[in-house]
Every structure is written in structure tokens, then in C-alpha cells.
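Each residue of the sequence shown is one higher than the one before, counting from 491 in the working numbering. Note that CB positions come from ideal geometry on N, CA and C, so glycine has one too. Predicted, not measured: the structure shown is a model, and the values here were computed from it. Scroll down for the structure; my scribbles are underneath it.
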Amino acid sequence: MTIAVKGIAASPSSARDSDDDSAQNAETTSDTINIDHGTTDLSSMPVWEDDDDQPSENAPTSTASEPEWVLKRRRVISESRDDTSSTSAKIDVSTLTGKLTKVKPGRRSSGIRFLIQRHTERGHNLSVSGGVSQLSFDESNRLFAILGRRDKSIRLFEIDRHRSEGHHFGLKGESKSSPSCSRPISSFAFADGGRSIFLIDGQKSVLRYDCQHGVSTRIATINSPRTAYGYRRIYTPSFSDDQNGSMFALCCTDRGGVLLCDSRSSAIMHHFQMNATAVGIGFHLRAGVVITADSDANIYEWDLVSGRCVHKFRDEHSLRLSCFESSPMSNTDFSRNAYISCGSRMGFLNLYPIMPPSDATLPGSHIQQDVVKTYGNLSTGITAIAHESNGRFIAYGSEHKRNALRIIHNPSGQVVSNWPIESVNLGRVTALSFCARSSTLAVGNRMGKVQLFRILTT
Numbered sequence: 491m492t493i494a495v496k497g498i499a500a501s502p503s504s505a506r507d508s509d510d511d512s513a514q515n516a517e518t519t520s521d522t523i524n525i526d527h528g529t530t531d532l533s534s535m536p537v538w539e540d541d542d543d544q545p546s547e548n549a550p551t552s553t554a555s556e557p558e559w560v561l562k563r564r565r566v567i568s569e570s571r572d573d574t575s576s577t578s579a580k581i582d583v584s585t586l587t588g589k590l591t592k593v594k595p596g597r598r599s600s601g602i603r604f605l606i607q608r609h610t611e612r613g614h615n616l617s618v619s620g621g622v623s624q625l626s627f628d629e630s631n632r633l634f635a636i637l638g639r640r641d642k643s644i645r646l647f648e649i650d651r652h653r654s655e656g657h658h659f660g661l662k663g664e665s666k667s668s669p670s671c672s673r674p675i676s677s678f679a680f681a682d683g684g685r686s687i688f689l690i691d692g693q694k695s696v697l698r699y700d701c702q703h704g705v706s707t708r709i710a711t712i713n714s715p716r717t718a719y720g721y722r723r724i725y726t727p728s729f730s731d732d733q734n735g736s737m738f739a740l741c742c743t744d745r746g747g748v749l750l751c752d753s754r755s756s757a758i759m760h761h762f763q764m765n766a767t768a769v770g771i772g773f774h775l776r777a778g779v780v781i782t783a784d785s786d787a788n789i790y791e792w793d794l795v796s797g798r799c800v801h802k803f804r805d806e807h808s809l810r811l812s813c814f815e816s817s818p819m820s821n822t823d824f825s826r827n828a829y830i831s832c833g834s835r836m837g838f839l840n841l842y843p844i845m846p847p848s849d850a851t852l853p854g855s856h857i858q859q860d861v862v863k864t865y866g867n868l869s870t871g872i873t874a875i876a877h878e879s880n881g882r883f884i885a886y887g888s889e890h891k892r893n894a895l896r897i898i899h900n901p902s903g904q905v906v907s908n909w910p911i912e913s914v915n916l917g918r919v920t921a922l923s924f925c926a927r928s929s930t931l932a933v934g935n936r937m938g939k940v941q942l943f944r945i946l947t948t
């Protein structure tokens with residue numbers, strides 16, 4: 491008996507398809523075998539990479555043409571990844587994290603961390619009416635002065651020097667005697683190492699207050715032979731000796747007038763005239779010059795003996811200046827981190843180094859005309875600047891915006907990040923001052939409140 495088996499015959503087209511599939515699989519297999527997994531194609535890398543992103547082994551390969559900026563960005567990420575892997579053993583990641591405020595780390599440093607704490611003085615009312623006009627600590631770290639915009643007297647607080655050594659700060663209480671006038675006080679400045687205070691009474695006369703005896707002496711009315719005007723701000727040199735202890739300078743209300751006076755003789759030593767309204771005065775006693783700035787971003791150097799302008803240059807990085815301050819370290823024998831700070835109306839702060847007389851690069855000039863650093867962390871005009879006496883920190887703020895305050899760490903040249911935070915209600919900052927020995931920053935706002943903050947390095 492014959493059994494017939496029915497089979498399925500393969501057609502020629504099916505045979506051809508199977509041959510094509512076999513060939514294609516062979517090509518795919520050969521292509522897959524030839525891939526080098528040890529190298530990474532730039533087109534397979536992400537354009538942007540976060541810290542928590544991990545490289546994927548099965549990342550898809552892009553075969554489409556990509557722009558040049560995409561390839562460049564991939565190349566930068568690849569190089570940074572190689573640098574990170576080679577230096578990961580040297581940097582402790584734990585020092586970069588936490589709730590402490592720190593300077594933003596750069597390419598070569600891991601950042602310096604700071605602890606900024608609010609210091610509360612129980613039992614002391616650190617507030618004035620009408621907003622804070624000026625704050626100041628004396629050089630000997632004994633007195634703290636607060637002036638309101640409408641006050642006719644200055645509030646003096648005695649500092650507890652035993653508590654204020656090192657990282658601590660404290661106030662004993664308000665002084666029983668304080669300088670007062672019949673009209674609102676426009677400005678004041680400590681002199682003679684904190685033993686006396688110069689103050690302006692109603693923009694017309696100058697008084698000298700003896701802090702030890704509590705007696706005010708009116709200096710003879712100072713009038714310039716050229717014009718008649720009032721006085722807006724008074725300045726005294728810091729770290730001055732007995733010879734320069736009676737010297738003070740007055741910013742006038744006219745266009746660019748500055749008077750350099752002597753309280754012992756009650757006379758005008760020199761009359762400096764600038765091109766625009768004065769915004770600040772600084773002293774460089776070791777070089778024998780007075781540094782002034784006007785609102786047109788011009789910086790002048792005046793000789794103390796002859797009264798002539800020995801040098802003048804323009805801050806090319808500012809259109810209009812709103813604030814100017816000089817570092818107290820310029821008057822010491824061994825000055826480090828001594829700068830002049832030029833605050834513009836656009837919110838930029840420019841720093842120019844102050845050089846000792848032996849390092850002067852230009853004849854007659856003791857200021858390096860090339861800006862060393864420009865900080866643009868504020869969006870409104872700068873109205874207050876304060877330098878720490880040892881040159882480590884510079885604080886600047888603006889009263890045109892809430893919490894507009896920044897702190898610069900001079901040794902690293904960086905701005906302290908993540909401060910002030912939203913919970914720190916600084917208000918609109920109108921006045922700033924550093925305590926000499928305890929790294930304490932006093933901040934006054936438009937509401938008349940004064941807050942103290944301690945800056946600790948960790």
C-alpha cells in the first residue's frame with residue numbers, strides 16, 4: 491500500500507526573501523561585531539547633563555547630522571567628566587553639601603563655607619524713627635552708633651569687649667550721654683580712635699563731641715570763599731595717628747565741592763573741586779593723598795600738602811556712580827585686600843586695588859586703574875557699602891529693593907551664595923557697618939530697624 495505525503499513546496503519568491511533576510515542578518519551581525527564599546531561617540535552623549543544623571547550603556551546612537559554647537563557641548567561635557575573622575579579622590583564631597591552658606595566653588599577650589607547667624611540683643615531696642623541713616627563702629631571696638639534720618643541725637647551703645655573677643659559679640663547697654671543738636675543731624679564720623687565724634691548740625695555747622703567727658707564743642711562756622719553751601723556728609727581717616735586725628739573732610743551740597751579741614755585750627759586746609767556731585771571720600775595717608783569720586787564716575791587723587799589733583803581717571807565700567815567707599819586697610823603699614831569700591835546706579839560694584847607708595851605703577855597715582863573685579867549681583871542702584879577693617883569682607887546693598895544685600899569674600903573674590911534667604915527679612919537696606927574684631931555686620935533698613943549678623947568661617 492502506498493501512502494502519499496502532502497508537503498508544502500517553497501516558492502522561488504520565498505526563497506529569495508529568505509536569502510535577503512539571511513544576508514541582512516549577516517550584515518547586521520557583522521556591523522554589531524565591529525562596534526568598539528570602549529569609545530563613546532559624541533553624538534550619543536546628552537547635550538546637557540545634571541549631577542544626578544548616569545551614563546546609559548544602551549544609549550541610542552543618533553545618525554542624523556547635528557549642529558556644531560551641539561557637538562561642542564558634548565565635547566565639553568566629555569572633558570569635564572574626565573576631569574571629575576581624575577580629581578574625585580582629592581575632593582571631599584561632604585564639604586560641599588549642607589545647610590551652611592558657602593562661596594560658590596570654582597574650577598580650582600571647592601569653596602569656603604560660612605555660617606551667618608542673626609545676633610539678637612535682648613533688652614536693647616535697636617531701632618530709630620524715620621529709617622536708619624548711618625551706622626558706625628569705632629576703631630577701638632568700644633562704641634556702636636546709630637543715626638536716624640530725622641533724629642536730633644545719635645544713639646550710642648557700649649560694646650562688651652570681653653564678650654566681643656573672637657566669635658562673640660555683645661552690648662552692655664545704651665550710653666547715658668550722647669551727642670545732640672538743635673536740628674536734625676546730617677552725618678557723623680568717629681575720630682581719635684573713638685574718643686571723639688564729628689557731626690554735622692543741620693547741614694550748616696560742624697560739632698565735635700568728646701565721648702569721655704560727654705561735651706560737645708562747636709567748631710567755628712566753616713565757609714568757603716568761593717561759594718556758600720551746606721554739608722551733606724563728613725568723613726574721617728581710619729587708623730589715624732595724633733597728627734591726622736583732627737583732620738576731617740566734608741562733602742558739600744554744591745556741585746563737586748569737598749573741604750579738607752582741621753578741627754584744632756578751625757580752618758579749611760584745602761578746597762577740592764570736582765566736575766560733578768561728590769559721592770564719597772577716602773584717605774590714603776601713607777601715600778599722602780585724599781581719594782574722592784563724583785557721580786560722573788571720575789576718581790580723583792589729591793595731595794594733602796599742596797591740595798592739587800595729582801591724578802584723575804574714569805571708571806570705564808560705570809556710567810554713573812551712586813556710592814563710593816575706601817578700604818580702612820589703606821592707612822595701615824601692612825595692607826592686604828585694600829580696595830576702593832565704586833557702586834553704580836545699575837547695581838554693579840567695581841573694585842580697584844590701592845597700592846602702597848613703593849608699588850605705584852603710574853607717577854602720582856596709587857590706585858590700579860584696571861578693575862580687579864566687577865560684581866553684578868544687584869539689579870538696582872547701590873546705596874550702601876561697608877569694608878571690614880581686616881579686608882576680608884565687603885558688603886554692599888540697595889534700598890530700592892527688598893533684601894538687596896550681598897557679601898564679598900575678598901581672598902577668594904567670590905560672593906557668598908544662598909544668603910540672604912527669604913526667611914531673613916532685611917527690608918530695604920539703607921546703612922551697613924562692620925565691627926572691627928568680631929566679624930559682625932550691622933544692617934539698617936528704611937523702617938528704622940537695625941539687625942546684627944555674625945559671620946563665622948568653618
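- Query: Taking the alpha-carbon positions, what's the residue 617 to residue 644 distance?
  - Reply: Taking the straight line joining both Cα atoms gives about 12 Å.
- Item | Residue range of the unbroken beta strand (DSSP E) whose run includes residue 900 | No beta strand (DSSP E) contains residue 900, which DSSP labels as neither H nor E.
- Task: With DSSP collapsed to three states, give me the class of residue 660.
- Result: In the structure shown, residue 660 sits in coil (DSSP, three-state: anything other than H, G, I, E or B).
- Since residue 782 is in the beta strand (DSSP E), which residue starts that stretch and which ends it? Per DSSP, residue 782 is one residue of the beta strand (DSSP E) stretching across 779 to 784.
- Alpha-carbon to alpha-carbon, residue 567 and residue 933: Computed Cα separation, rounded: 42 Å.
- Task: Note down, in chain order, each residue of its chain lying with its Cβ closer than 6 Å to the Cβ of residue 787, except the 5 sequence neighbours on either side.
- Result: Cβ neighbours of residue 787 within its own chain (closer than 6 Å, five residues either side excluded): 804, 805, 808 and 811.
- Message: For residue 650 and residue 781, I'd like the C-alpha separation in whole angstroms.
- Response: Looking at the two C-alpha atoms, the distance is approximately 34 Å.
- For residue 558, three-class secondary structure by DSSP: It is helical.
- Message: I want to check one thing, is the minimum distance from the CB of residue 632 to the heavy atoms of the ligand SAM below 6 Å?
- Response: The ligand SAM is not part of the structure shown, which contains no ligands of any sort.
- Tell me whether residue 819 sits in a helix, a strand or coil according to DSSP, three-state version. In this structure, residue 819 counts as helix in the three-state DSSP scheme.
- Message: I need the DSSP call for residue 618, collapsed to helix, strand or coil.
- Response: Here residue 618 carries a coil assignment [DSSP, helix/strand/coil].
- Message: Rounding to the nearest angstrom, what Cα-Cα distance links residue 944 and residue 626 in this structure?
- Response: Rounded to whole angstroms, the separation of the alpha carbons of residue 626 and residue 944 is 16 Å.
- Query: Where do the N-terminal and C-terminal ends of the beta strand (DSSP E) with residue 648 fall, by residue?
  - Reply: First-last of the beta strand (DSSP E) with residue 648: 645 to 649.
- Item | Span separating the alpha-carbon of residue 768 from that of residue 783 | Approximately 6 Å, taken between the alpha carbons.
- Sequence-distant residues of the same chain with beta carbon closer than 8 Å to residue 873, five excluded per side: Once the five neighbours on either side are set aside, the close Cβ partners of residue 873 are 812, 813, 833, 887, 888, 889, 890, 919 and 920.
- Query: For the beta strand (DSSP E) that contains residue 767, what are its first and last residues?
  - Reply: From DSSP, residue 767 is part of no beta strand (DSSP E); its letter is neither H nor E.
- Buried or exposed by the 16-neighbour rule on C-beta atoms within 10 Å, applied to residue 559: Answer is exposed; the Cβ neighbour count stays below 16.
- Just the C-alpha distance for residue 830 and residue 561, rounded to the nearest angstrom, thanks. Cα-Cα distance, rounded: 44 Å.
- Query: Helix, strand or coil: how does DSSP classify residue 583 here?
  - Reply: Residue placement at residue 583 is poorly supported in this model, since its pLDDT is 34, which falls under 50; the coordinates still yield a value, given next. Shown here, residue 583 sits in a helix according to DSSP, grouped into three states.
- Measuring CB to CB, does residue 916 end up less than 7 Å from residue 895? In contact: residue 916 and residue 895 (Cβ atoms closer than 7 Å).
- Do you know whose CA, among 796, 879 and 700, lies nearest residue 759's CA? Taking the Cα of residue 759 as reference, the smallest distance to any Cα among 796, 879 and 700 is reached at 796.
- Range covered by the beta strand (DSSP E) that runs through residue 867: Bounds of any beta strand (DSSP E) do not take in residue 867, whose DSSP letter is neither H nor E.
- Message: According to DSSP, is residue 879 part of a helix, a strand, or is it coil?
- Response: Residue 879 falls in the coil class under three-state DSSP.
- Task: Would you please state the rounded distance, in angstroms, between the beta carbons of residue 609 and residue 663? I believe it to be under 8 Å.
- Result: Not quite, the Cβ-Cβ distance comes to about 16 Å (not below 8 Å), so this is no contact.
- Bridge partners - residue 799, DSSP secondary structure assignment: Note: residue 799 sits in a beta bridge opposite 792.
- Item | residue 720 in three-state terms, based on DSSP | In this structure, residue 720 counts as coil in the three-state DSSP scheme.
- Please look up how many angstroms separate the CB atoms of residue 434 and residue 671, rounded, as I've assumed it's under 8 Å. Not covered by the structure: residue 434. The range shown for the chain is 491 to 948.
- Query: For residue 700, which option in 679, 744 and 720 has the closest C-alpha, if you only look at C-alpha atoms?
  - Reply: Residue 679 is the option with its Cα nearest to residue 700.
- Item | CA-to-CA distance, residue 743 to residue 926, given in whole angstroms | Distance from the CA atom of residue 926 to the CA atom of residue 743, rounded to whole angstroms, is 31 Å.
- So, using beta-carbon positions, are residue 763 and residue 746 closer together than 7 Å? Yes, the Cβ-Cβ distance between residue 763 and residue 746 is below 7 Å.
- Query: Could you give the distance in angstroms between the alpha-carbon of residue 665 and the alpha-carbon of residue 628?
  - Reply: In this structure, the alpha-carbon of residue 665 lies about 14 Å from that of residue 628.
- Query: What are the complete alpha helix (DSSP H) segments, minimum 4 residues, inside the region 901 to 939?
  - Reply: Here no run is fully enclosed.
- Who does residue 947 pair with in a DSSP beta bridge? DSSP lists 604 as partners of residue 947.
- Simplified DSSP assignment, three categories, for residue 756: Judged by DSSP in its simplified three-state form, residue 756 adopts coil rather than helix or strand.
- Item | Spatially closest choice to residue 620 from 727, 761 and 939, by CA coordinates | The option with the nearest alpha carbon to residue 620 is 939.
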